[in-house]
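What follows is a short report on a single structure.
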Ligand code: PNS
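Residue numbers (our numbering): 14 to 186.
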């Protein structure tokens, strides 16, 4: 018997704060695109969480980084992730896994999402070894104190980061 779902356009949501997008996120999106036809990068609108970049800045940087790639859409959402996934007809929620330390909170979130909506599967993808210690927070901290983060973020993010944290001026002897 033919699988009813076999020919469907498979959509996955990749949710997150993306404050900002990193090369680790890009690695996960590229892996997700090997499994799904469409990936919607969904930036959480969370007014109670202080972010470095505004929603507009985050969405724009992600769009610039994917440069009109058809299989990638960029959007923002508020409220429950599973409700958003349903509106978008997504079959899966993608989350990246780095070290074991990610596991507990991700496991909790996945089980809550499953309780709320059994039709959306959580899919965990292992990040490339190179990005195991990469996170938006650690990158922001390094950039704040003048650290070179150019090989950890896409160019659009690097440019914007330099605007937020201009490199210290060198004093001429
Ligand atoms: O990049 P982050 O901050 O780790 O992403 C967390 C995110 C956005 C995936 C999570 O906070 C979320 O899904 N928020 C939406 C609210 C929700 O659905 N909560 C119930 C499941 S825990």
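Just so you know, even glycine gets a beta-carbon here, dropped at the ideal spot from N, CA and C.
- Item | Rounded separation between residue 27 and residue 156 - CA only | Straight-line Cα distance between these residues: approximately 25 Å.
- Message: I need the straight-line Cα distance from residue 181 to residue 152, nearest angstrom please.
- Response: If you take the alpha carbons of residue 181 and residue 152, they lie about 17 Å apart.
- Task: To the nearest angstrom, report how far apart residue 49 and residue 113 are at their CA atoms.
- Result: Distance between the alpha carbons of residue 49 and residue 113: 25 Å.
- Query: So, is residue 78 buried or exposed, given that buried needs 16 or more other C-beta atoms within 10 angstroms?
  - Reply: Per the 10 Å Cβ criterion, buried.
- Query: For residue 66, does the three-state DSSP call read helix, strand or coil?
  - Reply: Residue 66: coil per DSSP, three-state reduction.
- Query: What is the residue span of the alpha helix (DSSP H) that residue 44 lies within?
  - Reply: In the DSSP assignment, residue 44 falls within the alpha helix (DSSP H) that extends over 36 to 45.
- Task: Tell me whether residue 56 sits in a helix, a strand or coil according to DSSP, three-state version.
- Result: Strand, per DSSP.
- Item | residue 28: CB within 7 Å of a non-hydrogen atom of the ligand PNS | At least one heavy atom of the ligand PNS is nearer than 7 Å to the Cβ of residue 28, so yes.
- Below 8 Å between beta carbons: does that hold for residue 124 and residue 93? The answer is no: Cβ separation not under 8 Å.
- Message: I want to check one thing, is the minimum distance from the CB of residue 126 to the heavy atoms of the ligand PNS below 7 Å?
- Response: True, at least one ligand heavy atom lies under 7 Å from that Cβ.
- Message: Considering only their Cβ atoms, is the gap separating residue 106 from residue 136 smaller than 8 Å?
- Response: Less than 8 Å divides the Cβ of residue 136 from the Cβ of residue 106.
- What does DSSP give as the partner residues of residue 90 in its beta bridges? Beta-bridge pairing links residue 90 to 57.
- Task: Compare the beta carbon distance of residue 25 and residue 55 with 8 Å and say whether it is the shorter of the two.
- Result: Going by C-beta atoms, residue 25 is not nearer than 8 Å to residue 55.
- Task: Name the two residues that bound the continuous alpha helix (DSSP H) containing residue 155.
- Result: From DSSP, the alpha helix (DSSP H) with residue 155 extends over 149 to 157.
- Message: Under 7 Å: does the beta carbon of residue 94 sit that close to some heavy atom of the ligand PNS?
- Response: True, at least one ligand heavy atom lies under 7 Å from that Cβ.
- Message: Distance check for residue 186 and residue 52, CA to CA, integer angstroms please.
- Response: Looking at the backbone, the Cα of residue 52 and that of residue 186 are separated by about 52 Å.
- Message: Just verifying my parser: in three-state terms, what is the DSSP assignment at residue 135?
- Response: Of the three classes helix, strand and coil, the one that applies to residue 135 here is strand, per DSSP.
- Message: Could you check whether residue 170 and residue 74 sit closer than 8 Å to each other, using their CB atoms as the reference points?
- Response: Between residue 74 and residue 170, the C-beta gap is smaller than 8 Å, which places the two residues in contact.
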